[in-house]
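J.: My questions all concern the structure below.
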Amino acid sequence: MADYKAPLREMNFLLHEVFAADELWARLPGLEGAVDRETADAILEEMAKLAANTLDPINRSGDEEGCHWEDGVVTTPKGFPEAYATFCEGGWGALVGNPEYGGMGMPKMLGAQMEEMINSANISFALYPVLTAGACLALDAHGSEELKQRYLPKMYEGTWSGAMDLTEPHAGTDLGIIRTKAEPQEDGSYKITGNKIFITGGDHDLSENIIHLVLAKLPDAPKGPKGISLFLVPKFLVNEDGSVGERNAVNCGSIEHKMGIKASATCAMNFDGAKGWLVGELNKGLAAMFTMMNYERLGVGIQGLGASERSYQNAVEYARERIQSRSPAGPKQADKAADPILVHPDVRRMLLTQKALIGGGRALSTYVAQWLDIAKFGEGEEKQKAEAMVALLTPVAKAFFTDKGLDCTVLGQQVFGGHGYIREWGQEQLVRDVRITQIYEGTNGIQALDLIGRKTVANNGAFFNLFADDVQQFVDSQADNEALAEFIQPLATELQRLRDVTARVLAAAQEDPHAPGAASVEYLHLFGYVAYAFMWARIAAAALPKTGEDSFYAGQVKTARFFFARLLPQAAALAESVDAGSATLMDLEEELF
């Protein structure tokens, strides 16, 4: 298996040449003077070293050993506590945190690149700090000043970690029917009682305390999601001086034995009258939790991207070294018994598909992160637009990145042939690890419903129009650029196709309650391909004038051509599927299934 090397050239190209990140940072309140190009490059270089030298070497061994549970105590695989300590010593858990409480205050555009690196190197490890970062985000946005002062500094430094406790045995997507109770106490705290399952990092040996953000309902709360509140429940209570005190009434009853991410502890948590504190307002916990969940959903999308990159690096190295048969055009290495499999068109198809999907995904993750930065640091109408763009693009990023993540890891495995099915080459682990990304943090079917329902139909396409207008503005800006016409013209065509399909779905939803759900998955994929086309057109615009300077730029342009010629045509078929409506889905009687 190839040693992981972070794609720093691609990341720096996107940040500085495609998105002009340093110019954005210089004008956003709260970021001006805090970060520049040199600082950003140095941060990414250091993370690349950590990913390659510390996290990647324990990826396979962590998968083989897995986590262990005994008498309520969870231990992580060999090397994980040491790697976690190294990660925290570098301050990486504080990278995008609030400086008022010990964070570094860096932009999400940098955070997204960091997350890709750690997920490429070791998805199981990455889940621990990423969940903590999400918990910090929710606490910073909704917690009282007292809670923030007490918990955020320790969480940013990694001494304490975070977990998100939503799912119950009978309640996954439908959180409105959770049964975990919260009873008010005289001292202002709450007694939390109930059971949660599938809790990532619910217990482990990496940090001295684990801070759970738990959804629960008061006895007199309204029914459904409007009665959910959010509570902070620490594994160990915290003394007045900030030190760790006695054990709280929360424990891990078991850990799951899973298909993949085996070095990530997935726990069943029991709250037996545990002491907790309200985060945000009563009965508005779901909105507070979504602050964390939306962050995690982009993070999960980046997991799919990271696994794709790792699989691609393995496959490229193998394709260069593995010799089988001769090139259709005649021997390329006549001194050897056969040519490397990289000469064969179908192997190139698989590798280029990976490269094009990864490049488009990395650009889109950077684009979404840009809007997250504007939403966080911007002002006025620009801030409002950014919030709407983030809402629209989050389900696309989560679902499309991870659907294509599975596709890419399977393609990487396929390049290896039979060796891809063997553990020692690492490709089968990536397939197993990435599979969960399509399921947790809201299944991809739920993401598709969110995109078409809440984010499009509910506002009559207002959010969609913001995105479409952004693409159109770029198309218009390049109208006279003949060199870029091969990308701009098909982008304009597919944007119009997406506009037309969106309008037809909005119209159908007025008459047919099944129309949004019937269209949802194909619509999200159509959206994803058009978004990637937008990204590749922007990449080509930045690279095309420099193709004579460096082969890197020529490679970007040629990959863009492959995407437009071989992948983007799938948009037409997806549009036809959306237009087919709900009848073929809903007409079959239940007993005929």
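Quick note on numbering: numbering that gives the first Met the number 0 labels position 466 of the sequence shown as 465, and the sequence is numbered without any gaps. Glycine is no exception: its CB is placed at the ideal position from the N, C-alpha and C atoms.
(1) What is the DSSP secondary structure of glutamate 280, reduced to helix, strand or coil?
(2) Helix, strand or coil: how does DSSP classify histidine 524 here?
(3) Apply the 10 Å Cβ neighbour rule to asparagine 208 and answer buried if 16 or more other Cβ atoms are within range, or exposed otherwise.
(4) Taking the alpha carbon of valine 470 as the point to measure from, which residue in Ala491, Asp479 and Gly452 has its own alpha carbon closest?
(5) Tell whether a beta-carbon distance below 8 Å holds between proline 128 and glycine 92.
(6) May I ask you to list the residues that DSSP assigns as paired with glycine 275?
(7) If you check the beta carbons only, do leucine 494 and valine 474 fall under 8 Å apart?
(8) In angstroms with no decimal places, state the Cα-to-Cα distance between serine 576 and methionine 258.
(9) Less than 8 Å between the C-beta atoms of threonine 172 and isoleucine 196, yes or no?
(10) Would you mind sorting tyrosine 531 into buried or exposed? The rule is 16 or more other CB atoms within 10 Å of its CB.
(11) From this set, Met534, His15 and Gly175, which residue's C-alpha is nearest alanine 362's C-alpha?
(12) CB lysine 397 to CB arginine 325, shorter than 8 Å?
(13) From what residue to what residue does the beta strand (DSSP E) around lysine 335 run?
(14) Could you pull the DSSP bridge partners for aspartate 541 from this structure?
(15) May I have the straight-line CA-CA distance separating glycine 65 from alanine 541, to the nearest angstrom?
(16) Quick check on the DSSP output: the alpha helix (DSSP H) that includes cysteine 66 runs from which residue to which?
(17) List the whole-angstrom C-beta distance separating glycine 161 from alanine 125, where the pair is believed to meet the contact cut-off of C-beta under 8 Å.
(18) With DSSP as the reference, label histidine 211 as helix, strand or coil.
(19) Could you spell out where the alpha helix (DSSP H) holding leucine 584 opens and where it closes?
(20) Alpha helix (DSSP H) containing alanine 162: first to last residue?
(21) Answer yes if the region 241-252 comes into contact with the region 70-77, meaning at least three C-beta pairs across the two stretches below 8 Å, and no otherwise.
(22) For proline 28 and valine 17, I'd like the C-alpha separation in whole angstroms.
(23) Exposed or buried, what is glycine 157 when buried is set at 16 or more other beta-carbons lying within 10 Å of its beta-carbon?
(24) Hey, out of Gly441, Gln509, Ala482 and Lys331, whose CA is closest to alanine 457's CA?
(25) Is it a yes or a no for the region 272-282 touching the region 402-420, going by three-plus beta-carbon pairs under 8 Å?
(26) Could you tell me if threonine 583 is buried or exposed, where buried requires 16 or more neighbouring beta carbons within 10 angstroms of its beta carbon?
(27) Would you kindly report the start and end of the unbroken beta strand (DSSP E) that includes glycine 244?
(28) One question on the structure: do serine 119 and glutamate 380 come within less than 8 Å of each other, judged by their Cβ atoms?
(29) Using only the alpha-carbon positions, how far apart do alanine 5 and leucine 214 sit?
(30) Considering just the uninterrupted stretch of the beta strand (DSSP E) at glycine 252, what are its terminal residues?
(31) Helix, strand or coil for proline 76, going by three-state DSSP, please let me know.
(32) Assign phenylalanine 18 to one of three DSSP states: helix, strand, or coil.
(33) Between leucine 14 and alanine 39, how many whole angstroms is the CB-CB distance? I'm expecting something under 8 Å.
(34) State the CB to CB distance for the pair isoleucine 260 and serine 123, rounded to an integer number of angstroms; the pair is presumed to be in contact (CB under 8 Å).
(35) Just mark isoleucine 301 as buried or exposed, buried being the case when its beta carbon has 16 or more other beta carbons within 10 Å.
(36) If you scan the region 125-163 from start to end, which runs of the alpha helix (DSSP H) of 4 or more residues do you find wholly inside it?
T.: Taking the coordinates as given:
(1) Shown here, glutamate 280 sits in coil according to DSSP, grouped into three states, outside any helix or strand.
(2) Three-state result, histidine 524: helix.
(3) buried
(4) Ala491
(5) yes
(6) According to the DSSP secondary-structure assignment, glycine 275 is paired through a beta bridge with Tyr189.
(7) yes
(8) 32 Å
(9) no
(10) buried
(11) That would be Met534, whose Cα lies nearest to the Cα of alanine 362.
(12) No, Cβ-Cβ distance for lysine 397 and arginine 325 is not below 8 Å.
(13) No beta strand (DSSP E) holds lysine 335; DSSP gives it neither H nor E.
(14) Note that residue 541 is alanine in the sequence shown here, rather than aspartate. In the DSSP output, where bridge partners are listed per residue, alanine 541 has none listed.
(15) 44 Å
(16) Neither: cysteine 66 is in no alpha helix (DSSP H) and is coded neither H nor E.
(17) Contact doesn't hold; Cβ gap of about 14 Å is too wide.
(18) strand
(19) 582-585
(20) Annotation for alanine 162: no alpha helix (DSSP H) segment contains it, though the beta strand (DSSP E) segment containing it runs 159-164.
(21) yes
(22) 22 Å
(23) buried
(24) Gln509
(25) Segments in contact, no.
(26) exposed
(27) 243-246
(28) no
(29) 37 Å
(30) Going by DSSP, glycine 252 is part of the beta strand (DSSP E) stretching over 249-254.
(31) coil
(32) coil
(33) 6 Å
(34) 5 Å
(35) It is buried - the Cβ of isoleucine 301 has at least 16 other Cβ atoms within 10 Å.
(36) 144-156
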